[in-house]
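K.L.:
Input: one structure, supplied below.
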Amino acid sequence: MSKRIYLASPHISDEGYEMQYIQEAFDTNWIAPLGKNVNEFENELAAKVGSKAAAALSSGTSAIHLALKAAGVEEGDIVFCQSLTFSATANPIIYQNAIPVFIDSDNKTWNMCPKALKEAFDKYPNVKAVLVVHLYGLSADIDKIVEICKKHNVPLIEDAAESLGTYYKGKHTGTFGDYGIFSFNGNKIITTSGGGMLVSDNEERIAKVRFWATQSRDQARHYQHSELGFNYRMSNVVAGIGRGQLKILNQRIEKKKYIFEFYKRELGQLEGVKFMPINEWNEPNYWLSCMILSGKVNPLDIMEALEKENIESRPIWKPMHMQPFFAKYDYIGGDVSEKLFENGVCLPSDTKMTDEDLTRVCEIIKGLWE
Ligand SMILES: *Cc1c(COP(=O)(O)O)cnc(C)c1O
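Quick note: the sequence shown uses this note's numbering, first residue 109, plus one each step.
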């Protein structure tokens, strides 16, 4: 069997930065849920994306959960949520006993369609929050979405789990709304094995998030709780990995872009192939290289041909309004997200791939057109 090629897998720095920070935690016996690595990781990430404050949490999912709570979402509230995404975007709406209304994407960005969002506001003027996603490292048409949310005075949360290092008009995704979240799961552009971050310019709200995430312990000698608490903090060891990974984020983005351009050059001319849209105002992190097929070859043909050669690929996310668990909730829009799911494929975009690996993938795919 030839060497396995992954969609996206952890890639530790050549310099060993991660181990240096972990070693420091060990040397000081700081193997705890809090500590210097956690504080510094928060500061370094906030500085990197240009946010005033950040809270390091146990996952991207817990960051979305506490963002919803910080935005005031409670039982019975309506939340507009991009339909084309991973279920982790939508699940925390249910954790809060709130009600999702799913919104279609547009072909220009693959992310939330501003027109569908406007329609949703007409139908549900009492909505409590909007949850937009920046999929695959592409940014949503965020100016328009911010404008609509501002007009209605509704908080905006950006799920930037897949888009750390992505810019929209020179500003980082995750910093346009009231709250932004990032994920450091194993397949993301940088990883801590598992973890997340919530960023905001509202320092008071971030302090509150840290309070909730450490079991909502009131200021008292005894254990006193006047609010529901969570155990959602990132550990000091895990944060050490994050600090090391953050140092090489730009290298990873460069490689991801190289992979995307390699595929585009080699496969872009095939009949019925279109790559994910890169808008002039968008500088993506190219987390995954995705394409859409409209000719005789379909996504399943590609995924099966690659799997036979021990190469991982996968479909575009299946929209939430098509998921059995979420099907009962309302959906606003047309069939854009459905079509992207049906016709799209994510190509292996692992930063450890060599030119030989990339050529191997391209030759297998080109073979399907012969
Ligand atoms: C990975 C991901 C998440 C969840 O992050 P975790 O750290 O795995 O909890 C949320 N939203 C999107 C779009 C993701 O890709």
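For each residue, glycine too, the CB sits at the ideal point set by N, CA and C.
For the beta strand (DSSP E) containing Cys398, name the first residue and the last one.
P.N.:
Element bounds for Cys398: Ser397 to Leu401.
K.L.:
With respect to the beta strand (DSSP E) encompassing Asp135, which residues constitute its N-terminal and C-terminal limits?
P.N.:
From DSSP, Asp135 is part of no beta strand (DSSP E) but of the alpha helix (DSSP H) over Tyr125 to Asp135.
K.L.:
Is the beta carbon of Ser167 within less than 6 Å of some heavy atom of ligand 1?
P.N.:
It does: the Cβ of Ser167 is within 6 Å (strictly closer) of some heavy atom of ligand 1.
K.L.:
Quick check on DSSP: helix, strand or coil for His173?
P.N.:
Correct three-state label for His173: helix.
K.L.:
First and last residue of the beta strand (DSSP E) that includes Lys287?
P.N.:
The identity of residue 287 in the sequence shown is Tyr, whereas the question assumes Lys. First-last of the beta strand (DSSP E) with Tyr287: Tyr287 to Ser291.
K.L.:
Can you tell me which of the three DSSP states Ser308 falls into?
P.N.:
The answer is strand: DSSP assigns Ser308 an E or B state.
K.L.:
Under 7 Å, do Ile274 and Ser247 count as touching if we go by C-beta distance?
P.N.:
The sequence shown places Thr at residue 274, rather than the Ile named in the question. Their beta carbons are under 7 Å apart, which means Thr274 touches Ser247 by this criterion.
K.L.:
Give me the Cα-Cα distance between Gly245 and Gln327, rounded to the nearest whole angstrom.
P.N.:
The straight-line gap from Cα to Cα measures roughly 41 Å.
K.L.:
Suppose only complete runs of 3+ residues qualify. What are the beta strand (DSSP E) ranges in the segment 340-416, listed by chain order?
P.N.:
Entirely contained in the segment 340-416, the beta strand (DSSP E) runs reaching 3 residues are, in chain order, 381-383 and 397-401.
K.L.:
Buried or exposed: which applies to Ala315, given that a residue is buried once 16 or more other Cβ atoms fall within 10 Å of its Cβ?
P.N.:
Result: exposed.
K.L.:
Classify Thr467 as buried or exposed, calling it buried when 16 or more other Cβ atoms lie within 10 Å of its own Cβ.
P.N.:
Looking at its Cβ environment, which holds fewer than 16 other Cβ atoms inside 10 Å, Thr467 is exposed.
K.L.:
Can you tell me where the alpha helix (DSSP H) with Gly452 in it begins and where it stops?
P.N.:
Taken as a continuous stretch (DSSP letters only), Gly452 belongs to no alpha helix (DSSP H), being part of the beta strand (DSSP E) at Gly452 to Leu455.
K.L.:
Do Asp122 and Thr197 count as a contact pair if the criterion is CB distance below 7 Å?
P.N.:
For Thr197 and Asp122, no; Cβs fall outside 7 Å.
K.L.:
Determine whether the beta carbon atoms of Pro407 and Val444 lie at a separation below 7 Å.
P.N.:
Result no, Cβ atoms of Pro407 and Val444 do not sit closer than 7 Å.
K.L.:
Mapping DSSP to helix, strand and coil, what is Lys277?
P.N.:
Lys277: coil per DSSP, three-state reduction.
K.L.:
Between the alpha carbons of Leu336 and Thr300, how many angstroms are there, rounded?
P.N.:
Rounded to the nearest angstrom, the two C-alpha atoms are 27 Å apart.
K.L.:
Going by the CB atoms, is the gap between Ser271 and Gly168 shorter than 7 Å?
P.N.:
No, they are not a contact pair.
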